[in-house]
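Novice: Protein chains in written order, with our numbering: chain A, 1 to 110; chain B, 111 to 221.
C-beta atoms are modelled at their ideal positions from N, C-alpha and C, and glycine is treated no differently.
#1: With DSSP as the reference, label residue 30 of chain A as helix, strand or coil.
#2: Ordered along the chain, which non-local residues of its own chain (more than five positions away) have a Cβ less than 7 Å from that of residue 167 of chain B?
#3: Have a look at residue 1 of chain A and residue 179 of chain B and give me their C-alpha separation to the nearest angstrom.
#4: DSSP on residue 18 of chain A, reduced to helix/strand/coil?
#5: Starting from residue 160 of chain B, find everything on chain A with Cβ-Cβ shorter than 9 Å and list it in chain order.
#6: Using beta carbons (cut-off 8 Å, strictly below), is residue 214 of chain B in contact with chain A?
#7: Use the C-beta contact count for residue 202 of chain B: other C-beta atoms within 10 angstroms, 16 or more gives buried, fewer gives exposed.
#8: With a 10 Å radius around its C-beta and 16 neighbouring C-beta atoms as the bar for buried, classify residue 139 of chain B as buried or exposed.
#9: What does the alpha-carbon distance come out to for the pair residue 100 of chain A and residue 76 of chain A?
#10: Where does residue 116 of chain B sit, in a helix, a strand or coil, going by DSSP?
#11: Identify the contact partners of residue 141 of chain B in chain A, using a Cβ-Cβ distance below 7 Å as the criterion.
#12: How many angstroms separate the CA atom of residue 169 of chain B from the CA atom of residue 153 of chain B?
#13: Would you please state the rounded distance, in angstroms, between the beta carbons of residue 79 of chain A and residue 70 of chain A? I believe it to be under 8 Å.
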């Protein structure tokens, strides 16, 4: 079923604006992983975040297990941030498996 | 250098031909995955392998089989490829309770 729901499905920003991408999940998890994918490209790992907040440059990931949500904040967006952002729920119940959301398509215009 | 490699990167086959996609990783990860990605459908898990000769079906295994004889190699085989198997195929690997690393993808076209 739909264990991972991402929102919004798409987003258009003016360069310099901030973005908040959401990922909600319906089950307990081991961790949440955020990926970036350029059109026609592979998935690049941004964060692997079991709980709490992590920072990397202009990106911040926050996972709140009790509320079953994870967010990715992009500050001062740039045109090179355009692409698709995917979250993946890492479930470990003796064996590991990842459940992916459908992604958020981000377009940053100059 | 942690890396997942895929070969070939691009492949064109005719319907009914056999297809072999190769994946390698240099991180000694136990778990490896094969996904396909289609517009509007997102990433779909085809097979997962927990170690050598320990493979499990994912969400869409029909028409595919896999082989893992060494920890660092994981192959995806399409016996008698079909046009609806045209897609981008991604391989990934991970440690137990660790993050996933993806390969660059293989773009397969079945005519």
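Specialist: To lay it out plainly:
#1: In this structure, residue 30 of chain A counts as coil in the three-state DSSP scheme.
#2: Correct list, in chain order: 157.
#3: Unreliable placement is indicated for residue 1 of chain A, whose pLDDT of 49 sits below 50; the coordinate value is still reported in the next sentence. Distance from the CA atom of residue 1 of chain A to the CA atom of residue 179 of chain B, rounded to whole angstroms, is 32 Å.
#4: It is coil, neither helix nor strand.
#5: Counting only Cβ-Cβ distances below 9 Å, residue 160 of chain B has contacts in chain A at 95, 96, in chain order.
#6: For residue 214 of chain B, the answer is yes, since a Cβ of chain A falls inside 8 Å of its Cβ.
#7: Buried, because 16 or more other Cβ atoms sit within 10 Å of the Cβ of residue 202 of chain B.
#8: Flag for residue 139 of chain B reads buried.
#9: Answer to the nearest angstrom: the Cα atoms are 26 Å apart.
#10: Strand, per DSSP.
#11: Within chain A, the residues near residue 141 of chain B are 96.
#12: Distance between the alpha carbons of residue 169 of chain B and residue 153 of chain B is about 10 Å.
#13: About 25 Å; that fails the 8 Å criterion.
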